[in-house]
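Q:
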Amino acid sequence: MHATQTPYAQNPLRALLLLACRTVLGVVFIAHGWSKFTDPTIQATIKQFAAWKIPFPDITAPLVGALEVLGGACLVLGAYTWVVCVLLSLEMAGAIWFIHRHNGLLVGRGGWEYCASLIAGLISLSIASAGQFSYDAWANGPEEPSGRSRSRRR
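Counted the way our numbering counts, the sequence shown spans residues 5 to 158.
(1) Count the other CB atoms within 10 Å of the CB of Gln136; is the residue buried (16 or more) or exposed (fewer)?
(2) Roughly how many angstroms separate the alpha carbons of Leu21 and Gly76, rounded to a whole number?
(3) Quick check: the Cα distance between Ser130 and Asn15, rounded to an integer number of angstroms?
(4) Secondary structure at Leu110, three-state DSSP: helix, strand or coil?
(5) Which of the three DSSP states, helix, strand or coil, is assigned to Tyr84?
(6) Could you spell out where the alpha helix (DSSP H) holding Gly125 opens and where it closes?
(7) Could you compute how far the alpha carbon of Gly125 sits from the alpha carbon of Pro44?
(8) By a C-beta neighbour count over all protein chains shown, 10 Å radius and 16 as the cutoff for buried, is Ile127 buried or exposed?
(9) Going by DSSP in three states, Thr45 sits in which element: helix, strand or coil?
(10) Under DSSP, the alpha helix (DSSP H) around Asn144 begins and ends at which residues?
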């Protein structure tokens, strides 16, 4: 490595870009989760889940809303990022399967492109890590130049 180069894992631009990605994804999930409780009510969301033939709508509707709100908050904070990305990706895969798969690609026609784009962002974030400006970085200690954590704080 050239003497003036910053190691990949410690590059401040990388950290800022990961923070921006986490924040955008997190806010999107918080907004969608919150709307399940308030737009107009959770009862309306339960009815919609039942119409989509999503199993156990009385349980899944509030569970999905809570996952999106709490998972979105975790993304913004960079907390438990890998686990949250997996859970939200699975939820989006379920949305594609139960709601969007028969509507084609385009979101304007109820298609699956938006959910697939969120999955791509979540997978990318889980591979890249939460970055330096995150709870995960604080809890796990500094990264090596390779991007792997050196130590764990207890």
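We put the beta carbon where it would ideally sit given N, CA and C, even for glycine.
A: The short version:
(1) Along the sequence shown, read from residue 1 onward, the residue named residue 136 stands at position 132. It is buried - the Cβ of Gln136 has at least 16 other Cβ atoms within 10 Å.
(2) Indexing the sequence shown from 1 puts residue 21 at position 17. Indexing the sequence shown from 1 puts residue 76 at position 72. Each residue's Cα considered, the two are about 17 Å apart.
(3) Position 126 of the sequence shown, counted from the first residue, corresponds to residue 130. Position 11 of the sequence shown, counted from the first residue, corresponds to residue 15. Approximately 18 Å between the Cα atoms of the pair.
(4) Position 106 of the sequence shown, counted from the start, is the residue given in the question as residue 110. Here Leu110 sits in coil by DSSP.
(5) Sequence index remark: in the sequence shown, residue 84 carries index 80 (1-based). Coil, per DSSP.
(6) Reading the sequence shown from its first residue, position 121 is the one you call residue 125. Gly125 -> alpha helix (DSSP H) spans Glu117 to Ala132.
(7) If you number the sequence shown from 1, residue 125 lands on position 121. If you number the sequence shown from 1, residue 44 lands on position 40. Cα to Cα, Gly125 sits roughly 28 Å from Pro44.
(8) Walking along the sequence shown from the start, residue 127 turns up at place 123. With fewer than 16 Cβ atoms within 10 Å of its Cβ, Ile127 is classed as exposed.
(9) In the sequence shown, the residue the question calls residue 45 occupies position 41. Residue state, collapsed to three classes: coil.
(10) Along the sequence shown, one-based indexing puts residue 144 at 140. Element bounds for Asn144: Tyr139 to Asn144.
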